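The block underneath contains the structure these notes are about, expressed in structure tokens.
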Ligand code: IPM
Ligand code: MG
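Now the structure itself:
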């Protein structure tokens, strides 16, 4: 197939990890006979430096015309002045909103090879396979706000029933394809927007997903249960900021922020794929960043935007095989283990990337 993929490397370690994932996508194209065309555009702090804007018009136009977008990370100390009117993060929020990407899928999967990298005990993380569906274009991130005036500032959490319904629907469809359990996380004992969220979730699931089991958990309890019994979750659906916080927490189940990919999807148009980690300015440019979250995001791109499931699984298997070979970047290395850099980890994944053997070859039958 032919696909036009826009790369948005962004800031900090973004260019390093996007470069790694691009190499993996290019290898997929070569191995399976696809034609992927890559173009690179500015977003975030580097875009502010070059154009004064965190999301230049030509970046957005290129993304709109693409089949899928792969993003690294935005932000860094250079642009962190709290009084600055223009911030790198506005580019990220702007593109999510402009492309209508209301659902952010953050799968948390445990590679058994990394059990030792999690600060949680192995018996707690064993068998974890959960999917957080984070609402991405509403809530506190996009409600009315007022910057500080005279010692007062505010942000507002606004949701409409339609916004809740579409993301709950998408999450319920995933629950149906998985283990049939959906956990809606809210703060309905305090927030009006959460009471709306809970009511709509109950109605949608009761009406259209009778085969899905829905439970409601308050966000503070959900934070606790993610540590106490993470393996019992299947699909979690929650509003924007709760999802932001809970997925950083959930990344520790998997061992590192450097392992968690994400897919942002809307009802139409290109998806946006990005690691959940940030720009990690402390290690930027040193070639030591873990590229796996971005490589796994590229696998999600293959699966959700290009419907190339076999290729997506091959990338995920290559990542698992690289871990099997003992390769570890610094964030997932256990004490005493010599960490490898971004390039070495990527080279290993490329090396292990191969079309699945046909049944005949696997059985050792000469063709
Ligand atoms: C994320 C990030 C972003 C967010 C920041 C960089 C604006 O933390 O994608 O999780 O809060 O959505
Ligand atoms: Mg975050």
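Numbering (the working numbering), first residue to last: 9 to 375. Here a beta-carbon is modelled for each residue, glycine too, at the ideal position from N, C-alpha and C. Nothing here was measured: the structure is a model prediction, and the numbers come from that model.
### Query
Which parts of the region 234 to 268 are runs of the beta strand (DSSP E), unbroken and 3 residues or longer, counting only runs that do not cross its ends?
243 to 246
### Where residue 133 sits in the DSSP three-state scheme
Taking the chain shown and counting its residues from 1, the one referred to as residue 133 is at position 125. Here residue 133 sits in helix by DSSP.
#### Entry: Backbone CA spacing between residue 321 and residue 66 [nearest angstrom]
As a first step, residue 321 must be located in the chain shown, where it is residue number 313. As a first step, residue 66 must be located in the chain shown, where it is residue number 58. Rounded to whole angstroms, residue 321 and residue 66 show a C-alpha spacing of 33 Å.
#### Entry: Inter-residue Cα distance where the pair is residue 73 and residue 301
Taking the chain shown and counting its residues from 1, one reaches residue 73 at position 65. Taking the chain shown and counting its residues from 1, one reaches residue 301 at position 293. Each residue's alpha carbon lies about 25 Å from the other.
### Task
Just list the alpha helix (DSSP H) runs in the region 311 to 342, keeping only unbroken ones of 4 residues or longer that don't cross its boundaries, in chain order.
317 to 332
### Query
Which class does residue 185 belong to by DSSP, given the choice of helix, strand or coil?
On the chain shown, residue 185 is found 177 positions in, with the first residue counted as 1. Here residue 185 sits in helix by DSSP.
### Bounding residues of the alpha helix (DSSP H) (the contiguous stretch that carries residue 284)
Looking up residue 284 in the chain shown gives position 276. Careful: residue 284 lies outside any alpha helix (DSSP H) and carries neither H nor E.
### Query
With which residues is residue 193 paired in a DSSP beta bridge?
By 1-based counting over the chain shown, the position of residue 193 is 185. According to DSSP, which records beta bridges pairwise, residue 193 is partnered with 225 and 246.
### Query
Around the C-beta of residue 200, are 16 or more other C-beta atoms found within 10 angstroms, so that it is buried, or is it exposed?
Reading the chain shown from its first residue, position 192 is the one you call residue 200. Looking at its Cβ environment, which holds fewer than 16 other Cβ atoms inside 10 Å, residue 200 is exposed.
### For residue 31, three-class secondary structure by DSSP
Along the chain shown, one-based indexing puts residue 31 at 23. Note: residue 31 maps to helix in three-state DSSP.
### Query
If we ignore side chains and look at the alpha-carbon of each, how far apart do residue 179 and residue 139 end up?
Counted from its first residue, the chain shown places residue 179 at position 171. Counted from its first residue, the chain shown places residue 139 at position 131. Answer to the nearest angstrom: the Cα atoms are 9 Å apart.
### Task
Quick one: grab the DSSP three-state call for residue 6.
As displayed, the chain neither begins before 9 nor continues past 375, which places residue 6 out of reach and without an answer.
### Task
Assign residue 126 to one of two classes, buried (16 or more other C-beta atoms within 10 Å of its C-beta) or exposed (fewer than that).
Translated into positions along the chain shown, residue 126 becomes position 118. Buried, since its Cβ has 16 or more Cβ neighbours within 10 Å.
### Task
May I have the straight-line CA-CA distance separating residue 71 from residue 102, to the nearest angstrom?
The count along the chain shown starts at 1 and reaches residue 71 at position 63. The count along the chain shown starts at 1 and reaches residue 102 at position 94. Straight-line Cα distance between these residues: approximately 12 Å.
### Message
Please return the same chain residues whose Cβ sits closer than 8 Å to the Cβ of residue 182, not counting the five positions on each side in sequence.
### Response
Position 174 of the chain shown, counted from the first residue, corresponds to residue 182. Here residue 182 has 113, 139, 141 and 243 as same chain residues with Cβ atoms under 8 Å from its own Cβ, once five neighbours each way along the sequence are excluded.
### Message
Per the DSSP calculation, residue 160 is bridged to which residue(s)?
### Response
Taking the first residue of the chain shown as position 1, residue 160 is located at position 152. BP columns for residue 160 point to 157.
### Message
I'd like to know whether the C-beta atoms of residue 267 and residue 340 end up nearer to each other than 8 Å.
### Response
Within the chain shown, the letter at position 259 stands for residue 267. Within the chain shown, the letter at position 332 stands for residue 340. Cβ atoms of residue 267 and residue 340: closer than 8 Å.
### Message
For a test of your reading of the model: does the CB of residue 51 fall under 7 Å from any non-hydrogen atom of ligand 1? Yes or no.
### Response
Position 43 of the chain shown, counting from 1, holds the residue named residue 51. No, ligand 1 has no heavy atom inside 7 Å of this Cβ.
### Query
How would you label residue 354, buried or exposed, when you count the other beta carbons within 10 angstroms and need 16 or more for buried?
Within the chain shown, the letter at position 346 stands for residue 354. So residue 354 counts as buried.
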